[in-house]
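Each residue of the sequence shown is one higher than the one before, counting from -2 in the numbering used here. Okay, structure first, notes after.
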Amino acid sequence: MKIKNFIFDVDGVFTDGKFYYTQDGKVMKIFGDADNDALSIMSNYVHIEMITGDKRGFNISQKRIEKDMGYKLTLVSTFDRAKWITKNFNSDETIYMGDGIYDPLVFKKVTYGICPSNAFFNTKKYANYITESKGSEGAVAEAIIHVLDKFFGISNILDLKISQSGSWKKE
């Protein structure tokens, strides 16, 4: 099986899944530090895309995902994700990482489903792989290392060399 796409839910996967509010509204989200480095490796092998259902916090996620990290972010309702993925991607070539109550519906439509250790308890029952790490604490990086091993035969990312341009290459 050839994997061509890796789609990530943002909230609860890249973040701790919590929304921080003041009387003025949503003010911040917590993102982890290792995930972007791992994405720079994975981007040599698959198309990467991020989705969020958080309308009120979209600008916060957009700042981190699009402006700081350089990946596309699309607003997709949790109820529409399975349909959106099958409309835009070949499901047989797609991995999805999510943590929410409705993500098992997406897992059923893609080749491989991953969730972080702090995912909703029922979601874990449907995932093909559950990271030991929590969202915002390296879950994305851990998932990427797992996928590189399972689908691309790269059992140790230290076997990859970084070029002067900042991209990773297989030795």
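All residues carry an ideal CB built from backbone N, CA and C; glycine is no exception. Computed from a predicted structure; not experimentally measured.
(1) Compute the beta-carbon to beta-carbon distance between residue 47 and residue 69, rounded to the nearest angstrom, for a pair I have assumed lies under 8 angstroms.
(2) Where do the N-terminal and C-terminal ends of the beta strand (DSSP E) with residue 41 fall, by residue?
(3) On the CB-based measure, 16 or more other CB atoms within 10 Å of its CB, does residue 115 come out buried or exposed?
(4) In three-state terms, what does DSSP make of residue 7?
(5) Which residues in the same chain have their Cβ closer than 6 angstroms to the Cβ of residue 146, if we skip the five residues on either side of it in sequence?
(6) For residue 93, I'd like the list of residues in its chain whose CB is within less than 6 angstroms of its CB, leaving aside the five on either flank, ordered along the chain.
(7) Go through its chain and collect everything with a Cβ distance to residue 45's Cβ below 7 angstroms, but skip five positions before and after it.
(8) In chain order, what are the residue ranges of uninterrupted alpha helix (DSSP H) at least 4 long that sit wholly in the stretch 75 to 138?
(9) Return the CA-CA distance between residue 144 and residue 43, expressed in angstroms with no decimal places.
(10) Based on DSSP bridge pairs, tell me the residues matched to residue 17.
(11) What would DSSP say about residue 2, mapped onto helix, strand or coil?
(12) Rounded C-beta distance between residue 113 and residue 91? I'm assuming under 8 angstroms.
(13) Return the chain-ordered list of same chain residues with a C-beta closer than 6 angstroms to the C-beta of residue 57, the five sequence neighbours on each side being excluded.
(14) Is residue 63 helix, strand or coil when you go by DSSP?
(15) Pick helix, strand or coil for residue 151, following the three-state DSSP scheme.
(16) Count the other CB atoms, across all protein chains shown, that sit within 10 Å of the CB of residue 0; report buried if there are 16 or more and exposed otherwise.
In terms of the structure at hand:
(1) 7 angstroms
(2) Counting along the chain, residue 41 falls outside any beta strand (DSSP E), and DSSP gives it neither H nor E.
(3) buried
(4) coil
(5) 152
(6) 4, 103, 107, 110
(7) 3, 36, 39, 68
(8) 78 to 85, 100 to 104, 118 to 123
(9) 11 angstroms
(10) 25
(11) strand
(12) About 18 angstroms separates the two Cβ atoms, so there is no contact after all.
(13) 26
(14) helix
(15) coil
(16) buried
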